[in-house]
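Chains as they are written, first to last, in the working numbering: chain A, 1 to 401; chain B, 1 to 401.
There are 2 protein chains.
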Amino acid sequence: MTDNQSFKYENLFASRVPGPQPFSDLVREKYDFAVAYPDPATLPLVEMADLLKDALREEGRDLAVYPNLQGYPPLREFLAQKLAKERGIEITPDEIMLADGSSQPLHMLTEALVDPGDVVFVEDFVYAGTLGTFNRFGADIRGVMCDDQGILPDSLESGIQEAIKSGKQPKIIYTIPTFQNPQGWTMTVDRRKELIRLSMKYGIPIMEDDCYVDLRYDGENVPSIHSLDDSGSVMYVGSFSKIIAPGIRLGYMTASPEVMDRIRPLKSGGGVSQFTSLAVHRYSTTKLDEHITAMGSVLRAKRDAMLAALGENFGSAASWSRPEGALYIWLRLPEGADFELMLPASLEAQVGYGPGPRFSPDGVSGKNYARLCFGYNTTEEIHEGISRLAEVCDKAGMLKG
Amino acid sequence: MTDNQSFKYENLFASRVPGPQPFSDLVREKYDFAVAYPDPATLPLVEMADLLKDALREEGRDLAVYPNLQGYPPLREFLAQKLAKERGIEITPDEIMLADGSSQPLHMLTEALVDPGDVVFVEDFVYAGTLGTFNRFGADIRGVMCDDQGILPDSLESGIQEAIKSGKQPKIIYTIPTFQNPQGWTMTVDRRKELIRLSMKYGIPIMEDDCYVDLRYDGENVPSIHSLDDSGSVMYVGSFSKIIAPGIRLGYMTASPEVMDRIRPLKSGGGVSQFTSLAVHRYSTTKLDEHITAMGSVLRAKRDAMLAALGENFGSAASWSRPEGALYIWLRLPEGADFELMLPASLEAQVGYGPGPRFSPDGVSGKNYARLCFGYNTTEEIHEGISRLAEVCDKAGMLKG
Numbered sequence: 001m002t003d004n005q006s007f008k009y010e011n012l013f014a015s016r017v018p019g020p021q022p023f024s025d026l027v028r029e030k031y032d033f034a035v036a037y038p039d040p041a042t043l044p045l046v047e048m049a050d051l052l053k054d055a056l057r058e059e060g061r062d063l064a065v066y067p068n069l070q071g072y073p074p075l076r077e078f079l080a081q082k083l084a085k086e087r088g089i090e091i092t093p094d095e096i097m098l099a100d101g102s103s104q105p106l107h108m109l110t111e112a113l114v115d116p117g118d119v120v121f122v123e124d125f126v127y128a129g130t131l132g133t134f135n136r137f138g139a140d141i142r143g144v145m146c147d148d149q150g151i152l153p154d155s156l157e158s159g160i161q162e163a164i165k166s167g168k169q170p171k172i173i174y175t176i177p178t179f180q181n182p183q184g185w186t187m188t189v190d191r192r193k194e195l196i197r198l199s200m201k202y203g204i205p206i207m208e209d210d211c212y213v214d215l216r217y218d219g220e221n222v223p224s225i226h227s228l229d230d231s232g233s234v235m236y237v238g239s240f241s242k243i244i245a246p247g248i249r250l251g252y253m254t255a256s257p258e259v260m261d262r263i264r265p266l267k268s269g270g271g272v273s274q275f276t277s278l279a280v281h282r283y284s285t286t287k288l289d290e291h292i293t294a295m296g297s298v299l300r301a302k303r304d305a306m307l308a309a310l311g312e313n314f315g316s317a318a319s320w321s322r323p324e325g326a327l328y329i330w331l332r333l334p335e336g337a338d339f340e341l342m343l344p345a346s347l348e349a350q351v352g353y354g355p356g357p358r359f360s361p362d363g364v365s366g367k368n369y370a371r372l373c374f375g376y377n378t379t380e381e382i383h384e385g386i387s388r389l390a391e392v393c394d395k396a397g398m399l400k401g
Numbered sequence: 001m002t003d004n005q006s007f008k009y010e011n012l013f014a015s016r017v018p019g020p021q022p023f024s025d026l027v028r029e030k031y032d033f034a035v036a037y038p039d040p041a042t043l044p045l046v047e048m049a050d051l052l053k054d055a056l057r058e059e060g061r062d063l064a065v066y067p068n069l070q071g072y073p074p075l076r077e078f079l080a081q082k083l084a085k086e087r088g089i090e091i092t093p094d095e096i097m098l099a100d101g102s103s104q105p106l107h108m109l110t111e112a113l114v115d116p117g118d119v120v121f122v123e124d125f126v127y128a129g130t131l132g133t134f135n136r137f138g139a140d141i142r143g144v145m146c147d148d149q150g151i152l153p154d155s156l157e158s159g160i161q162e163a164i165k166s167g168k169q170p171k172i173i174y175t176i177p178t179f180q181n182p183q184g185w186t187m188t189v190d191r192r193k194e195l196i197r198l199s200m201k202y203g204i205p206i207m208e209d210d211c212y213v214d215l216r217y218d219g220e221n222v223p224s225i226h227s228l229d230d231s232g233s234v235m236y237v238g239s240f241s242k243i244i245a246p247g248i249r250l251g252y253m254t255a256s257p258e259v260m261d262r263i264r265p266l267k268s269g270g271g272v273s274q275f276t277s278l279a280v281h282r283y284s285t286t287k288l289d290e291h292i293t294a295m296g297s298v299l300r301a302k303r304d305a306m307l308a309a310l311g312e313n314f315g316s317a318a319s320w321s322r323p324e325g326a327l328y329i330w331l332r333l334p335e336g337a338d339f340e341l342m343l344p345a346s347l348e349a350q351v352g353y354g355p356g357p358r359f360s361p362d363g364v365s366g367k368n369y370a371r372l373c374f375g376y377n378t379t380e381e382i383h384e385g386i387s388r389l390a391e392v393c394d395k396a397g398m399l400k401g
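Now the structure itself:
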């Protein structure tokens, strides 16, 4: 392509298209605590390729045909059973849509409900990907205060009332109730019920993001919000990214039939890759449970390594979450500390992390927080990386309250 | 899910969301001439699974990481070389985005450019999928007259002038210039140049859909429109659906950097499945050319079988295209014939086809046309199916001019 392109697009773009986003390559540090990756050594991919080969011998001819828009039916059947057994969600396979990771379902649900300026509620610190999607659709994102039991119902209700008073009907209450990303707590059953009560009272659907629920290392399973509701107000999203691999891009959603009817025309690209789906289906129906158990021990050890390393290197100069599952710890330094400011020095030391403001609805709060992911590196690397991070913080004078 | 769901969504949906679309299962006929499927017996999938296994041994760890938003870099590198060699398109791999089939690129380009009411130009009969996408974004779709050399420039120019006169800046000229779907002609170089001239003169980008170009059985390659333009006005879309399999959901696009910058934030679901991409990359770099040649002989034979069957069964009572490639023949009955009306009787005879109006911008023109796809069935089935179709037409009294 020549540099002197003369054709101008500037007046042709649609009114709601987001601003330009330049090309970027992934930059990763040796001590990569920035992104919630699973353990790369235990990905079951070669096994999956073997199962895929058998599956293709059996039904590869069907790949000459376009996949069902909601995805490979046997995999939806498997998910309906898994969700019933483990999450108390009683639905038929036809109420499930497979999609590209969990991000495509979150994208479609947002697109279905949010006009520019519409209010959505999120936890005070929450998954940056969903914040990006809300921003892309012009949502007015409002954070709700949380404690270690989950969203504070009073804070949510006063936020709702404020929005309604200003003439705005809120569109979504978004929550990651299990091993909240990045805060790590799991919402109690009582709080989940409170959330449903407020959802019903004010007519605001709940978007429940349960992507990490399979990665529990301690404590007891807590019922999904979806299972506690029979009104249809809960839209539920899950994923194979964390239990098989992010690179397979396979997630799913279910919602009230009224919502599913509106989601179908939003699915771009047709039904998800049947090639990937066949592999995931054969693996899921034979070996997934076993894999989750084995992977759980590896990840528990990594979590414990990071908790130990934090204790050794930060002592009482900081505090952090002790999550019962998932892939990250939420680190808090004294007020005045600034993880954005420290990032260049940390990258210099080959340590990556997620500064608090990336998880904040306003994009600026939480400078003294960072999310540290422990899934990717070995326990030795975790120890070394946390030691380096503490040194960076100390040198920056950020460990004094 | 209970039937008595009390939560009401009706006032919550965003203003631009399309109407409800119910769940549907794919219904297929024995003589399935309705959809442009490739030959199911020659899909190279088991071979691909073998290559995938090796690839996963080499770089499966990388699937723990989220794929590059534009897709697996080595596969983009392969495509850059293929496009340079075969289509005269000189671009870098970073100017290519992989996506879910060709439908996701077409979706994103439309979303980037089209506001409700915006005018887009298409060939007088054209791929129903793109018509659906244009409709979903509220485009004002206008058909342009074509002959067997492609779009008629005068018809396009007068359409453009009419739109501009009514105060509307047209946003897209969409074309399938090679083995036009469904009409089968290939646009001449002169017409392609005319299209670029009009694109430049009126500032309307061209969306070139080249999904079938690899399936040439006769005649000479014609340069892509993209290769004839150095202004950046051409957005180019291609796919592996027809040369590997639709079920893998892998396509790609390239466009001016200005457009690519706006497309990136529209990509939902992150970078495409690295699992599928690894398989396609390893296969493409070793065996794809050979496969395309082999598949070409099979498909040529099927095309010839359908042409012969049409001659035997319809004789001079109908006329039809004689395409040099791709997967479909465009059948024309005398004026007054109605393929929509005949569809139930045809399905009763287990013969599926695409009635003309499905390919028409207005959704009603072309009742005496049907698209007949020859990729899926065996040559024996093609003969039997066409014979049955002729019988249905004859019984309906549609063969008399």
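For each residue, glycine too, the CB sits at the ideal point set by N, CA and C. Small disclaimer: the values here were computed from a predicted structure and weren't measured.
- Counting of Cβ neighbours within 10 angstroms places B/Gln81 among the exposed residues, the total staying below 16.
- B/Asp94 is positioned such that its CB atom lies closer than 7 Å to that of A/Phe23.
- Between B/Asn368 and B/Gly336, the beta carbon gap of about 7 Å places them in contact (Cβ cut-off 8 Å).
- Residue contact check for B/Gly385 against chain A: no CB pair falls below 7 Å.
- Within the model, the alpha-carbon separation for B/Tyr31 versus A/Asp118 is close to 49 Å.
- The beta strand (DSSP E) runs of length 3 or more contained entirely in the segment 52 to 124 of chain A are, from start to end of the chain, 96 to 99 and 119 to 123.
- The residue from A/Ser277, A/Leu266, A/Asp148 and A/Ala84 with its alpha-carbon nearest to that of A/Gly247 is A/Ser277.
- DSSP lists A/Ile96 and A/Tyr236 as the beta-bridge partner residues of A/Thr254.
- In this structure, the alpha-carbon of B/Ala36 lies about 41 Å from that of A/Glu86.
- With respect to the C-alpha of A/Val272, the residue from A/Ile386, A/Pro257 and A/Leu63 having the closest C-alpha is A/Leu63.
- Residues of chain B with a Cβ closer than 7 Å to the Cβ of A/Arg264 are, in chain order, Gln21.
- Identification of chain A residues near B/Ala49 by a Cβ-Cβ cut-off of 7 Å yields Ala49, Leu52, Lys53 and Leu56, ordered along the chain.
- Relative to the Cα of A/Gly363, the nearest Cα in the group A/Gln161, A/Ala390, A/Ala128 and A/Asn181 belongs to A/Ala128.
- DSSP, reduced to helix, strand and coil, places B/Glu312 within a helical segment of the structure shown.
- The distance from the Cβ of A/Thr186 to that of A/Val222 is about 6 Å, consistent with a contact at the 8 Å cut-off.
- Selection A/Leu156, A/Ala34 and A/Ile89 evaluated against A/Arg191 yields A/Leu156 as nearest (Cα-Cα).
- B/Val259 sits in a helix when the DSSP states are folded into three classes.
- For B/Arg142, there is no enclosing alpha helix (DSSP H); the enclosing beta strand (DSSP E) covers residues Asp140 to Val144.
- In the structure shown, A/Arg388 adopts helical secondary structure according to DSSP, grouped into three states.
- When C-beta atoms of the segment 193 to 209 of chain A are compared with those of the segment 6 to 16 of chain B, three or more pairs fall below 8 Å, so the two segments count as touching.
- For a Cβ distance threshold of 9 Å, residue set Leu63, Ser273, Gln274, Phe275 and Thr276 of chain A lies close to B/Ile248, ordered along the chain.
- Per the C-alpha coordinates, the member of A/Gly167, A/Leu195 and A/Ser387 positioned closest to A/Glu123 is A/Leu195.
- Straight through space, the alpha carbons of A/Gly251 and B/Leu113 are spaced by roughly 29 Å.
- Contact between A/Ala99 and A/Met253 holds: CB atoms are separated by about 7 Å, below the 8 Å threshold.
- For A/Ile225, there is no enclosing alpha helix (DSSP H), since its DSSP letter is neither H nor E.
- Contact between the segment 140 to 149 of chain B and the segment 302 to 313 of chain B is absent, with fewer than three C-beta pairs closer than 8 Å.
- Taking 7 Å as the CB threshold, A/Ser231 lines the interface with chain B.
- Listed along chain A, the residues sitting closer than 9 Å to B/Met200 by beta-carbon distance are Ser6 and Phe7.
- Here A/Leu52 is buried. Its C-beta has 16 or more other C-beta atoms within 10 Å.
- Close partners of A/Leu113 in chain B (Cβ separation under 9 Å): Tyr9, Leu12, Phe13, Ala14 and Val17.
- When rounded, the separation of the alpha-carbon atoms in A/Ser360 and A/Glu380 is 31 Å.
- Between A/Lys171 and chain B, the shortest Cβ-Cβ separation is below 7 Å.
- A buried status is given to B/Ser284, since no fewer than 16 other beta-carbon atoms sit within 10 Å of its beta-carbon.
- Within 10 angstroms of the beta-carbon of A/Ser102 lie 16 or more other beta-carbons, which makes it buried.
- With a contact defined as Cβ atoms closer than 8 Å, A/Ile160 and A/Pro153 miss out at about 10 Å.
- For A/Glu335, no alpha helix (DSSP H) encloses it, and the DSSP letter there is neither H nor E.
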